[in-house]
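Undergrad: I have a structure I would like to understand better, so I am pasting it below and will then ask my questions one at a time.
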Amino acid sequence: MWIKSKKLAVEPDTLCVHGDTPNAVQMALRLRKELTGA
7 MWIKSKKLAV
17 EPDTLCVHGD
27 TPNAVQMALR
37 LRKELTGA
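Going by the numbering used here, the sequence shown opens with residue 7, and the numbers climb by one from there.
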């Protein structure tokens, strides 16, 4: 996360994703994979 050109370390416990597109589940799974390396 960046604020005023300063990088902040963020370690969230949860992430809320909302989507009503036909491929919302696939998008959420891809996001999880990219963020966790799973």
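All residues carry an ideal CB built from backbone N, CA and C; glycine is no exception.
The model shown is predicted, which means the values in this text are computed figures rather than measured ones.
Using the Cα positions of Leu-37 and Lys-12, report the straight-line distance between them to the nearest angstrom.
TA: 24 Å
Undergrad: Can you give me the Cβ contacts of Leu-14 inside the same chain, cut-off strictly under 8 Å, excluding the 5 residues immediately before and after it?
TA: Met-7 and Trp-8
Undergrad: May I have the straight-line CA-CA distance separating Leu-45 from Glu-17, to the nearest angstrom?
TA: As shown, the chain starts at 7 and ends at 44. That puts residue 45 outside it, with no answer to give.
Undergrad: Give the straight-line distance between the Cα atoms of Thr-27 and Lys-10, rounded to the nearest whole angstrom.
TA: Whole-angstrom Cα-Cα distance: 33 Å.
Undergrad: Would Met-33 pass as a contact of Gly-43 if the rule is Cβ separation under 7 Å?
TA: no
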